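Undergrad:
Protein chains: 2
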Amino acid sequence: MRFLLAFRVLIDELHAELARRGHADMRPMHGIVLQAITRGGSTAADLGRLLAVSKQAAGKTIDGLERLGYVHRVPDPHDTRRKIVRLTERGADSLEQSARIFDELRARWARELGEDRLRALEDDLRRMTPPDLFRLDVPGWFGGMG
Amino acid sequence: MRFLLAFRVLIDELHAELARRGHADMRPMHGIVLQAITRGGSTAADLGRLLAVSKQAAGKTIDGLERLGYVHRVPDPHDTRRKIVRLTERGADSLEQSARIFDELRARWARELGEDRLRALEDDLRRMTPPDLFRLDVPGWFGGMG
DNA sequence: CTATTACGACAACCATGTTGTCTATCGTAG
DNA sequence: CTACGATAGACAACATGGTTGTCGTAATAG
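Chains as they are written, first to last, in our numbering: chain X, 1 to 146; chain B, 1 to 146.
#1: Determine the contact status of residue 109(B) and residue 128(X), defining contact as a CB-CB distance below 8 Å.
#2: Under three-state DSSP, which class holds residue 74(X)?
#3: Alpha carbon to alpha carbon, how far is residue 69(X) from residue 43(X)? Give it in angstroms, no decimals.
#4: What residues are listed by DSSP as bridge partners for residue 83(X)?
#5: Taking residue 9(B) as the query, report the chain X residues whose CB atoms sit under 8 Å from its CB, ordered along the chain.
#6: At a Cβ threshold of 8 Å, is residue 103(X) touching chain B?
#7: Does residue 112(B) come within less than 8 Å of chain X when only Cβ atoms are used?
#8: Note the first and the last residue of the continuous alpha helix (DSSP H) segment covering residue 61(B).
#9: Between the stretch 18 to 30 of chain B and chain X, which residues of the former have CB atoms less than 8 Å from a CB of the latter, in chain order?
#10: Report all residues from its chain with a CB closer than 7 Å to the CB of residue 36(X); omit the five preceding and five following residues, and keep chain order.
#11: Name the residue from 11(X), 15(X), 4(X) whose alpha carbon lies nearest to the alpha carbon of residue 10(B).
#12: Could you tell me if residue 22(B) is buried or exposed, where buried requires 16 or more neighbouring beta carbons within 10 angstroms of its beta carbon?
#13: How many Å lie between residue 117(B) and residue 131(B) at the Cα?
#14: Could you tell me how far apart the beta carbons of residue 73(X) and residue 85(X) are, in whole angstroms, since I believe they sit closer than 8 Å?
#15: Specify the secondary structure class of residue 128(B) as computed by DSSP and reduced to three states.
#16: For residue 42(B), which three-state DSSP category applies?
#17: Under 8 Å between C-beta atoms, does residue 51(B) make it to chain X?
#18: Return helix, strand or coil for residue 137(B), following the three-state DSSP convention.
#19: Start and end of the alpha helix (DSSP H) containing residue 92(X)?
#20: Counting only Cβ-Cβ distances shorter than 7 Å, please list the residues of the stretch 57 to 71 of chain X near chain B, keeping chain order.
#21: Does the Cβ of residue 27(B) have 16 or more other Cβ atoms within 10 Å, making it buried, or fewer, making it exposed?
#22: Are the C-beta of residue 120(B) and some C-beta of chain X separated by less than 8 Å?
#23: Taking residue 47(X) as the query, report the chain B residues whose CB atoms sit under 7 Å from its CB, ordered along the chain.
#24: Would you mind giving the Cβ-Cβ distance between residue 6(X) and residue 125(B), rounded to the nearest angstrom? I have them listed as a contact below 8 Å.
Given below as C-alpha cells:
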C-alpha cells in the first residue's frame with residue numbers, strides 16, 4: 001500500500017520544513033486538529049464530533065496544543081459551560097506556513113510527474129474516496145483496540 | 001491529503017472483508033507485522049529493526065499477536081537467548097485472505113478508473129515514494145512525542 | 001579467559017484512545 | 001416557575017503502543 005507511504009513522505013517533508021520555519025514541535029496530528037478548529041471545532045465537544053473521537057480525547061488533544069502555545073481557551077459569554085478554543089497567533093502562523101509548504105510540495109510533484117499526470121492522480125483519488133475528510137482516530141484506528 | 005484517506009478506505013474495506021472471513025480481531029497493524037515476520041522478522045529484535053521501532057515495542061506487539069493466536073514463539077536451538085516468532089496456521093491464513101482481498105479491491109479500482117489510469121497512478125506513486133516499505137511507528141509518528 | 005555485544009524481560013513513563021462518573025448549566029416541557 | 005432531560009467539561013481508570021533505561025544471561029570477538 002503505497003498510499004500510506006506517499007502520505008508519510010509528504011507529511012514528513014512538510015514537518016521538516018515546518019520545523020525549519022519555527023514550528024519544530026508540531027506533529028502531524030496537530031495540523032489536522034488546527035484545521036478542524038478553523039472549520040467549526042470551537043469547543044472540545046464540537047471538535048470531538050467533527051473528528052469522530054470522544055470529547056475527552058478531543059479535550060486532551062487541546063490540552064497538548066494549549067501547552068505548546070498553538071491554541072488557547074476562552075469562556076463562552078453565552079454559555080458558561082463552554083470554553084471556546086481559538087488559535088493563537090502562533091497557531092494561525094503554523095497553518096499559513098503549512099499551506100504554503102503544501103503548495104511547494106505539490107509544485108514539486110507537478111515538476112516530477114507533469115501537471116497532467118498529477119491532476120489525473122488527484123482526480124482518481126477524489127473519485128475513489130469519500131468526501132468527508134476529517135478523521136483523527138488514526139492512532140487508535142491503526143493500532144488500537146477492536 | 002487524500003492519500004491517507006485512500007489508504008484508510010482501502011484498509012477499512014480490507015478489514016471488513018477480513019472480518020467476514022473469520023479474522024475479526026485483526027487490526028491494520030497486525031497485517032503489517034505479520035508480513036514483516038514472513039520477510040525475515042524472526043525475532044523481536046529483528047522485527048524491531050525491520051519496522052524501525054525499538055525491540056521492546058516489537059516485543060509488545062508480538063505479545064498481542066500471540067494472545068490473538070496469530071503467532072507463537074519457539075526457542076532457537078542455536079541460540080538460547082533468541083525466541084523465533086512463527087506464524088500459526090491462523091496467521092498464515094489471514095495473510096492469504098488479505099492478499100486475495102487486496103486483489104479484489106485492486107480489480108474494483110481498475111473497473112472504476114480503468115486499468116490504464118490505475119497503472120499510471122501506481123507508477124506515479126512508486127516514482128514519488130522511497131522503496132523501503134515497512135514502517136510500524138505510525139501511531140507514534142502521527143500523534144506521538146517530538 | 002575476558003570483554004563486548006546482543007537478546008529478551010521488566011519497569012517507568014508519555015501520548016492517545018476508550019468508557020464511566022460527576023457537577024454545573026442550558027433549555028424546554030409542563 | 002419549576003423540574004427534568006441533554007450537554008459541556010473535568011476527572012479517573014484502563015488499554016495500546018511508543019520510548020528509554022536497566023539487568024541477567026548467553027553468544028562472540030580478541
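Using N, Cα and C, we set each Cβ at its ideal position, and we do this for glycine too.
Because the structure is a prediction, the values reported are computed rather than measured.
TA: The short version:
#1: yes
#2: strand
#3: 17 Å
#4: 75(X)
#5: 128, 129, 130
#6: no
#7: yes
#8: 55 to 67
#9: 24, 25, 27, 28, 29
#10: 47, 50, 51, 134
#11: 4(X)
#12: exposed
#13: 22 Å
#14: 6 Å
#15: helix
#16: coil
#17: no
#18: coil
#19: 89 to 113
#20: none
#21: buried
#22: yes
#23: Within 7 Å Cβ-Cβ: nothing; residue 47(X) doesn't reach chain B, min ~15 Å.
#24: 5 Å
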